[in-house]
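Presented below is the structure to which this report refers.
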Amino acid sequence: MPVLIGHVEPHLPAGVAFRLFRRPARHANACHPRGMDLRLSRERFAAARSVRLATVSPGNKPHLVPVVFAIDDDVIYTCVDHKPKRTTALRRLANIADNPAVSLLADLYSDSWDELWWVRVDGRAHVVDAGEPVGSHGIDVLAAKYPQYRLRRPDGPVIVVESLTWHGWSATP
(Lines of atoms letter the chains of each structure in order from A and count residues from 1; the text may use other names and numbers.)
(Lines give C-alpha, C1' and ligand atoms only; values in the text may rest on other atoms or scores of the structure.)
Protein backbone atom coordinates (compact mmCIF):
# COMPACT_ATOMS: atom_id res chain seq x y z
CA MET A 1 0.00 0.00 0.00
CA PRO A 2 1.46 3.43 -0.86
CA VAL A 3 2.49 6.02 1.69
CA LEU A 4 1.07 9.49 1.06
CA ILE A 5 3.38 12.43 1.61
CA GLY A 6 2.13 16.00 1.34
CA HIS A 7 4.18 18.66 -0.41
CA VAL A 8 3.44 22.20 -1.53
CA GLU A 9 4.65 23.31 -4.93
CA PRO A 10 5.65 26.99 -4.56
CA HIS A 11 5.24 27.75 -8.28
CA LEU A 12 1.53 26.85 -8.26
CA PRO A 13 -1.12 29.47 -7.41
CA ALA A 14 -2.45 29.62 -3.85
CA GLY A 15 -5.24 27.17 -3.20
CA VAL A 16 -3.92 24.58 -5.66
CA ALA A 17 -0.38 24.44 -4.36
CA PHE A 18 -0.67 21.22 -2.35
CA ARG A 19 0.10 17.85 -3.93
CA LEU A 20 0.26 14.34 -2.58
CA PHE A 21 3.03 12.03 -3.71
CA ARG A 22 2.87 8.26 -3.49
CA ARG A 23 5.81 6.22 -2.31
CA PRO A 24 5.83 2.47 -1.67
CA ALA A 25 5.58 1.44 1.98
CA ARG A 26 8.81 0.04 3.44
CA HIS A 27 7.22 -3.33 4.27
CA ALA A 28 3.81 -4.95 4.43
CA ASN A 29 3.29 -4.20 8.13
CA ALA A 30 4.40 -0.57 7.88
CA CYS A 31 2.23 2.15 9.36
CA HIS A 32 0.36 3.85 6.53
CA PRO A 33 0.76 7.55 7.26
CA ARG A 34 -1.33 10.15 5.52
CA GLY A 35 -0.28 13.32 3.79
CA MET A 36 -1.72 16.31 5.61
CA ASP A 37 -3.61 18.85 3.52
CA LEU A 38 -2.39 22.44 3.33
CA ARG A 39 -5.19 23.89 5.48
CA LEU A 40 -4.60 21.44 8.33
CA SER A 41 -0.81 21.81 8.02
CA ARG A 42 -1.09 25.59 8.36
CA GLU A 43 -3.55 25.35 11.27
CA ARG A 44 -1.43 22.92 13.27
CA PHE A 45 1.76 24.84 12.57
CA ALA A 46 0.25 28.22 13.50
CA ALA A 47 -1.23 26.80 16.73
CA ALA A 48 2.13 25.42 17.92
CA ARG A 49 3.62 27.34 20.85
CA SER A 50 7.17 26.79 19.61
CA VAL A 51 8.98 25.21 16.68
CA ARG A 52 12.53 24.18 15.86
CA LEU A 53 14.43 26.46 13.49
CA ALA A 54 17.07 24.75 11.35
CA THR A 55 19.86 26.71 9.68
CA VAL A 56 23.14 25.67 8.06
CA SER A 57 26.58 27.09 8.81
CA PRO A 58 29.05 28.20 6.11
CA GLY A 59 30.76 24.82 6.63
CA ASN A 60 27.46 22.98 6.01
CA LYS A 61 27.02 22.12 9.69
CA PRO A 62 23.33 21.96 10.69
CA HIS A 63 22.14 24.11 13.59
CA LEU A 64 18.80 23.53 15.30
CA VAL A 65 17.22 25.74 18.00
CA PRO A 66 13.77 26.00 19.53
CA VAL A 67 12.08 29.35 18.83
CA VAL A 68 8.78 31.05 19.42
CA PHE A 69 7.21 32.33 16.22
CA ALA A 70 4.12 33.77 14.62
CA ILE A 71 2.78 33.57 11.10
CA ASP A 72 1.00 36.35 9.23
CA ASP A 73 -0.29 35.48 5.76
CA ASP A 74 2.66 33.71 4.14
CA VAL A 75 5.41 35.14 6.34
CA ILE A 76 6.83 33.61 9.53
CA TYR A 77 8.43 35.83 12.17
CA THR A 78 10.71 35.00 15.07
CA CYS A 79 13.04 37.30 16.95
CA VAL A 80 15.92 37.55 19.35
CA ASP A 81 14.22 38.45 22.59
CA HIS A 82 15.19 39.21 26.17
CA LYS A 83 15.48 35.59 27.34
CA PRO A 84 19.02 34.93 28.65
CA LYS A 85 21.54 33.85 26.01
CA ARG A 86 25.27 33.21 26.18
CA THR A 87 25.95 35.76 23.45
CA THR A 88 24.15 38.24 21.23
CA ALA A 89 26.14 36.95 18.22
CA LEU A 90 23.77 34.06 17.69
CA ARG A 91 24.76 31.33 15.27
CA ARG A 92 21.31 31.32 13.64
CA LEU A 93 21.77 34.97 12.59
CA ALA A 94 25.22 34.35 11.11
CA ASN A 95 24.00 31.21 9.35
CA ILE A 96 21.06 33.06 7.77
CA ALA A 97 23.38 35.85 6.60
CA ASP A 98 25.49 33.22 4.83
CA ASN A 99 22.71 30.89 3.66
CA PRO A 100 19.07 32.05 3.79
CA ALA A 101 17.59 28.54 3.39
CA VAL A 102 15.86 27.52 6.64
CA SER A 103 13.37 24.94 7.88
CA LEU A 104 10.94 25.19 10.79
CA LEU A 105 9.39 22.08 12.34
CA ALA A 106 6.28 21.74 14.51
CA ASP A 107 5.20 18.34 15.72
CA LEU A 108 3.12 16.41 18.20
CA TYR A 109 4.44 13.30 19.86
CA SER A 110 2.10 11.08 21.83
CA ASP A 111 2.37 7.59 23.25
CA SER A 112 -0.80 7.00 21.27
CA TRP A 113 0.87 6.80 17.89
CA ASP A 114 -2.32 7.40 15.96
CA GLU A 115 -2.13 11.03 17.19
CA LEU A 116 1.34 11.72 15.77
CA TRP A 117 1.86 14.52 13.24
CA TRP A 118 4.50 16.95 12.01
CA VAL A 119 4.61 19.99 9.77
CA ARG A 120 7.84 21.29 8.25
CA VAL A 121 8.03 24.65 6.54
CA ASP A 122 11.00 25.41 4.28
CA GLY A 123 11.69 28.99 3.29
CA ARG A 124 14.12 31.83 2.70
CA ALA A 125 15.04 33.93 5.72
CA HIS A 126 16.54 37.34 6.22
CA VAL A 127 17.24 39.34 9.35
CA VAL A 128 15.90 42.85 9.94
CA ASP A 129 16.14 45.32 12.79
CA ALA A 130 13.15 45.47 15.16
CA GLY A 131 12.92 49.22 14.43
CA GLU A 132 12.41 48.74 10.68
CA PRO A 133 8.77 48.61 9.50
CA VAL A 134 8.85 44.88 8.67
CA GLY A 135 10.62 44.15 11.97
CA SER A 136 8.14 46.21 13.95
CA HIS A 137 5.25 44.42 12.21
CA GLY A 138 6.86 41.07 13.04
CA ILE A 139 7.09 42.04 16.72
CA ASP A 140 3.41 43.12 16.62
CA VAL A 141 2.43 39.71 15.20
CA LEU A 142 4.53 37.93 17.83
CA ALA A 143 3.04 40.07 20.63
CA ALA A 144 -0.46 39.12 19.50
CA LYS A 145 0.46 35.45 20.12
CA TYR A 146 2.71 35.74 23.19
CA PRO A 147 1.61 37.89 26.19
CA GLN A 148 5.24 38.05 27.37
CA TYR A 149 6.02 40.22 24.34
CA ARG A 150 3.20 42.60 25.19
CA LEU A 151 4.65 43.02 28.67
CA ARG A 152 8.22 43.43 27.41
CA ARG A 153 8.52 44.18 23.71
CA PRO A 154 11.61 42.57 22.13
CA ASP A 155 14.10 44.93 20.53
CA GLY A 156 16.52 42.40 19.06
CA PRO A 157 16.82 41.34 15.43
CA VAL A 158 13.77 39.84 13.72
CA ILE A 159 14.04 36.81 11.44
CA VAL A 160 11.60 37.00 8.52
CA VAL A 161 10.91 33.76 6.63
CA GLU A 162 9.22 33.95 3.22
CA SER A 163 8.81 31.81 0.07
CA LEU A 164 7.27 29.08 2.18
CA THR A 165 6.99 25.46 1.12
CA TRP A 166 4.78 23.29 3.36
CA HIS A 167 5.32 19.58 4.13
CA GLY A 168 2.99 17.69 6.45
CA TRP A 169 2.43 14.20 7.78
CA SER A 170 -0.16 12.73 10.10
CA ALA A 171 -0.61 9.17 11.33
CA THR A 172 -4.35 9.51 10.79
CA PRO A 173 -6.35 11.75 8.46
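For the sequence shown, counting from 1, position 147 maps to 147 in this note's numbering; every step adds exactly one.
Virtual Cβ for every residue (Gly too), placed ideally from N, Cα, C.
Next item on the list: Compute the Euclidean distance between the alpha carbons of Gly-156 and Glu-132, then round it to the nearest angstrom.
Entry: 11 Å
Note to self: Suppose you measure from the CA of Gly-175 to the CA of Thr-55; what does that come to, to the nearest Å?
What the structure shows: With the chain represented from 1 up to 173, any question about residue 175 goes unanswered, as that position is not in the structure.
Margin query: Quick check on Thr-172: buried or exposed, where buried means 16 or more other Cβ atoms within 10 Å of its Cβ?
Written below: exposed
Note to self: Within the continuous beta strand (DSSP E) that includes Glu-132, where are the two ends?
What the structure shows: No beta strand (DSSP E) contains Glu-132, which DSSP labels as neither H nor E.
Next item on the list: Could you spell out where the beta strand (DSSP E) holding Glu-162 opens and where it closes?
Entry: 158 to 170
Check: In chain order, what residues of the same chain have a beta carbon less than 6 Å from the beta carbon of Asp-73, not counting five sequence neighbours either side?
Finding: none
Notebook entry, point to check: Taking buried to mean at least 16 other C-beta atoms within 10 Å of its own C-beta, is Val-127 buried or exposed?
Noted result: buried
Margin query: Does the segment 66 to 84 come into contact with the segment 144 to 163, if we say contact requires no fewer than three beta-carbon pairs (one atom in each stretch) closer than 8 Å?
Written below: yes
Notebook entry, point to check: At a cut of 8 Å, does the segment 86 to 106 reach the segment 140 to 152 through at least three beta carbon pairs?
Noted result: no
Notebook entry, point to check: Can you name, in chain order, every residue of its own chain whose Cβ lies under 7 Å from the Cβ of Leu-108, other than the five neighbours on each side?
Noted result: Glu-115, Leu-116 and Trp-117
Note to self: Less than 6 Å between C-beta atoms, sequence neighbours within five positions excluded: which residues of the same chain meet that for Ser-50?
What the structure shows: Pro-66 and Val-68
Notebook entry, point to check: What are the partner residues of Thr-55, as DSSP defines its beta bridges?
Noted result: His-63
Check: Between the C-alpha atoms of Phe-45 and Val-119, what's the straight-line distance to the nearest angstrom?
Finding: Cα to Cα, Phe-45 sits roughly 6 Å from Val-119.
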